[in-house]
Structure formats: structure tokens, C-alpha cells
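Some notes on the structure that comes next.
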Amino acid sequence: MINVSIKTHNDTVIYILAYGHAKGNDCFNVVCSSFSFILRTFLSILDCEEESFDVDNTLRGYLEFKASFKDLNKKSLCYYSNFLIRGIKDLCFEYPCDIKLILEEVNGNK
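Below, the structure written as C-alpha cells:
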């Protein structure tokens, strides 16, 4: 199972911890591939926008993301975060035995 913990501040992702693998045949799993695609797209967009963040993915099946955004109220960060969270929620809905999401709003208004 892929375990994903996301912390947001005013609906903007500030922290991600993802670890584990979904079981699959022949070392391939649609959930792992889909999750990887969604996460890599999120990180690539942030990189293109020259946002400041750190990623630790030194271990296989493990990723930790820490944001150090200058402006957490920037609208585009909210859109990118929404893309990531909705994509992961959809995977959780379709494949509840393969991926689990824990979503936490910190210091926000939720």
C-alpha cells in the first residue's frame, strides 16, 4: 500500500510524506504509476515556477517534500495543490486497497 500524508496551509501543500508500494503483477501497478505521474507533475510545475522546496527521495518507495514558499497565498500554488490532492483522492476512491491519504490542514481556517 502507498501511504500518503499531506499537510496544507490555507489549501496550499506545504508537506508531503509518501512511502510504500502498491502490489502489482510483473513489477507494474497502475496505482504506483498514476501516483508517480501526479506527484512528478506537481513537483515539475513548482520547479518551473522556481518555487523553493526540498525533496528527499533517497530511498526507493519513499518521498518527503517540504515547501519553503515565499508567498503561501499565491493563487497558483493553491491550484497546483488542488490538482495534486484531487488526483490522489481519485486514486484512493478507485483503489482503496492500494493507496491511503491522510490530509491535514495546519494553522489554517479549516
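Our numbering numbers the first residue of the sequence shown as -6 and each following residue consecutively.
Ideal Cβ placement from N, Cα and C applies to all residues, glycine included.
Mind checking whether residue i and residue j have CB atoms under 8 Å apart?
i, j, result
"Ile(-1)", "Ile92", "no"
"Glu43", "Phe62", "no"
"Val24", "Ile(-5)", "yes"
Consult DSSP for residue i and reduce its assignment to one of helix, strand or coil.
i, result
"Val24", "helix"
"Lys68", "helix"
"Leu52", "coil"
"Pro(-2)", "According to the sequence displayed, residue -2 carries Ser and not Pro. It is a strand residue."
"Glu87", "helix"
"Thr5", "strand"
"Phe62", "coil"
"Lys16", "coil"
CB-CB under 6 Å to residue i, same chain, minus the five flanking residues each way: which ones, in chain order?
i, result
"Ala60", "Ile7 and Phe46"
"Asp49", "Glu57"
"Leu94", "Val(-3), Ile81 and Cys85"
"Ile9", "Ile(-1) and Phe58"
"Ala15", "Ile(-5), Asn22, Val24, Cys25 and Asp91"
"Thr1", "Glu98"
Give every residue of the same chain whose Cβ lies closer than 7 Å to the Cβ of residue i, excluding the five residues on either side of it in the sequence, and list them in chain order.
i, result
"Tyr73", "Phe35, Ile38 and Leu39"
Taking its Cβ as the centre, do 16 or more other Cβ atoms sit within 10 Å of residue i, making it buried, or is it exposed?
i, result
"Ser69", "exposed"
"Phe28", "buried"
"Thr5", "buried"
"Leu52", "exposed"
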